[in-house]
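Below: one structure, written as structure tokens.
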Amino acid sequence: MFIFGDPFVGKTAILRALQGLNIEELFGTMGVDLCTLTFLVGDEEVMFNIWDLSGNRKFHDLNLLFFKKHPFDGGFLVFDLTSRRSFTNISYFMELAKKASPGRPVILLGNKRDLERVVSKEEALSFAQEHDFPYFETSAATKENLTEAFVTFGKILLEKQ
Ligand SMILES: Nc1nc2c(ncn2[C@@H]2O[C@H](COP(=O)(O)OP(=O)(O)O)[C@@H](O)[C@H]2O)c(=O)[nH]1
Ligand SMILES: [Mg+2]
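Here it is in structure tokens:
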């Protein structure tokens, strides 16, 4: 699966928080990182290989190439609830993901829920519903909804099998 979205929205922090690592002193992902996490989905242990892609437009061609080479099971599109721009830019990442993994499940995450938001829950939910994405508001700082998002994604994958 992929985790994708603007730089600084907290993609790497989400993965690090779930590994019990600290989320400070992150310097941005250059290119691509791979991370493996296991969750209990129902009574099955599901292992996720998560490609943490750089949201930097500089890497647009690399990301496209990468998407073409890897048959993704879908993934997370992440924006930052404190950044209007990161929410607007979700459309760009959505198009990329659609092209790369047509018909695959996507979950929308509004991250940094612990901070003061500028994107309302209503507008994020309305966008998510329009595109048929489940939506979670998360925080890498408090770990709110992180496990829930992965377990929901796992359930969708298992249902599809
Ligand atoms: N308060 C708060 N800070 C966060 C959260 N998620 C990420 N950050 C901070 O936001 C910055 C960017 O995070 P990072 O994971 O590198 O973003 P990425 O470019 O999407 O991988 C870092 O300084 C993180 O510590 C969150 O949920 N809450
Ligand atoms: Mg990163």
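Position in the sequence shown counted from 1, then plus 266, gives you our numbering. Using N, Cα and C, we set each Cβ at its ideal position, and we do this for glycine too.
Would residue i and residue j be called neighbours here (beta carbons separated by less than 9 angstroms)?
i      : j      : result
Asp318 : Leu300 : yes
Phe342 : Leu375 : yes
Asn377 : Val344 : yes
Leu417 : Leu303 : According to the sequence displayed, residue 417 carries Val and not Leu. No. Outside cutoff.
Leu287 : Ile269 : no
Ala406 : Gly276 : yes
Evaluate residue i with the Cβ neighbour count: other Cβ atoms within 10 Å of its Cβ, from every protein chain shown; 16 or more gives buried, anything less gives exposed.
i      : result
Pro371 : buried
Thr354 : exposed
Gly321 : buried
In the DSSP output, which residue or residues are listed as bridge partners for residue i?
i      : result
Asn315 : Thr302
Glu244 : Nothing can be reported for residue 244, as the shown portion of the chain is limited to 267 through 427.
Leu342 : The sequence as given places Phe at residue 342; Leu does not occur at that position. Looking at the DSSP assignment, Phe342 forms a beta bridge with Ile269 and Ile373.
Ala401 : Sequence inspection shows Tyr at residue 401; the Ala mentioned does not correspond to that position. Answer is Leu374.
Apart from the five residues just before and just after residue i, which ones in its own chain have a Cβ nearer than 7 angstroms to its Cβ?
i      : result
Arg383 : Leu347 and Thr348
Asn411 : Phe402, Glu403 and Thr404
Lys409 : Ala283
Lys426 : none
Cutting at 8 angstroms between CB atoms, please list the residues of its own chain near residue i, excluding the five before and the five after it.
i      : result
Leu424 : Val307, Gly308, Glu310 and Val312
Arg350 : Val384 and Val385
If you drop the 5 nearest sequence neighbours on each side, which residues of the same chain put their C-beta closer than 6 angstroms to that of residue i?
i      : result
Ile356 : Leu343 and Phe345
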